[in-house]
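J.:
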Amino acid sequence: MAGKLYFCATPIGNLGDITLRVLETLREADLIVAEDTRHTRKLLHHYDIHKPLLSCHEHNEAARTEEILQRVADGEIVAVVSDAGMPAISDPGAHLIAAAIERQLPWTV
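Per the working numbering, residue 6 is the first one in the sequence shown, and the count goes up by one each step.
Right, here's the structure in full:
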């Protein structure tokens, strides 16, 4: 059974500007995919969330896409975050959404 791919908006400036739904998703995720793991680690540490991180940015997005989608197909919950704001708007992620749609894998924002 397929897992699910979640695209999660993160705070633009103040770490307190995060939704409860995003926090719940990050806590339940099997893997968090981040544009910059160093930046995301600060956010996760602030909320005492300890999950495996995988980097996915403009220089490795094509190579990471298959790995990420395979994990979703294998039943994992994968949360995708950017450094600030909504992933796939002004940073890597659009390719990942298109590939998930093509493979008919469940995803949401």
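Here a beta-carbon is modelled for each residue, glycine too, at the ideal position from N, C-alpha and C.
Which residue comes first and which comes last in the alpha helix (DSSP H) that contains I102?
T.: Counted from its first residue, the sequence shown places residue 102 at position 97. For I102, the uninterrupted alpha helix (DSSP H) run begins and ends at A99 to E107, by DSSP.
J.: Spatial neighbours of I37 within its chain, please: CB distance less than 6 Å, with the 5 preceding and 5 following residues excluded, ordered by chain position.
T.: On the sequence shown, residue 37 is found 32 positions in, with the first residue counted as 1. Closer than 6 Å at Cβ, skipping near neighbours: K56, L58 and A84.
J.: Less than 8 Å between the CB atoms is what I'm expecting for H62 and E40, so what's the real figure, rounded?
T.: Taking the sequence shown and counting its residues from 1, one reaches residue 62 at position 57. Taking the sequence shown and counting its residues from 1, one reaches residue 40 at position 35. With a Cβ gap of about 5 Å, H62 and E40 count as contacting.
J.: Hey, is the region 63-72 in contact with the region 15-22, meaning 3+ C-beta pairs nearer than 8 Å?
T.: no
J.: Can you list, in chain order, the residues of its chain with a C-beta nearer than 6 Å to that of R69? Leave out the 5 residues immediately preceding and following it.
T.: Here residue 69 refers to the residue found at position 64 when the sequence shown is read from its first residue. Once the five neighbours on either side are set aside, the close Cβ partners of R69 are C61.
J.: Does DSSP classify K9 as helix, strand or coil?
T.: Taking the first residue of the sequence shown as position 1, residue 9 is located at position 4. Strand at K9.
J.: Do you know offhand how far T42's Cα is from L10's?
T.: Sequence index remark: in the sequence shown, residue 42 carries index 37 (1-based). Sequence index remark: in the sequence shown, residue 10 carries index 5 (1-based). Each residue's Cα considered, the two are about 18 Å apart.
J.: Helix, strand or coil, according to DSSP, for A84 in the structure here?
T.: As a first step, residue 84 is located in the sequence shown; it is residue number 79 there, counting from the start. Strand, per DSSP.
J.: Let's test the definition: count the other Cβ atoms within 10 Å of the Cβ of A105 and tell me whether it reaches 16, buried, or not, exposed.
T.: On the sequence shown, residue 105 is found 100 positions in, with the first residue counted as 1. Its Cβ being crowded by 16 or more others within 10 Å, A105 is buried.
J.: Under the DSSP definition of a beta bridge, which residues are partnered with L25?
T.: Position 20 of the sequence shown, counted from the start, is the residue given in the question as residue 25. Note: L25 sits in no beta bridge, so no partner.
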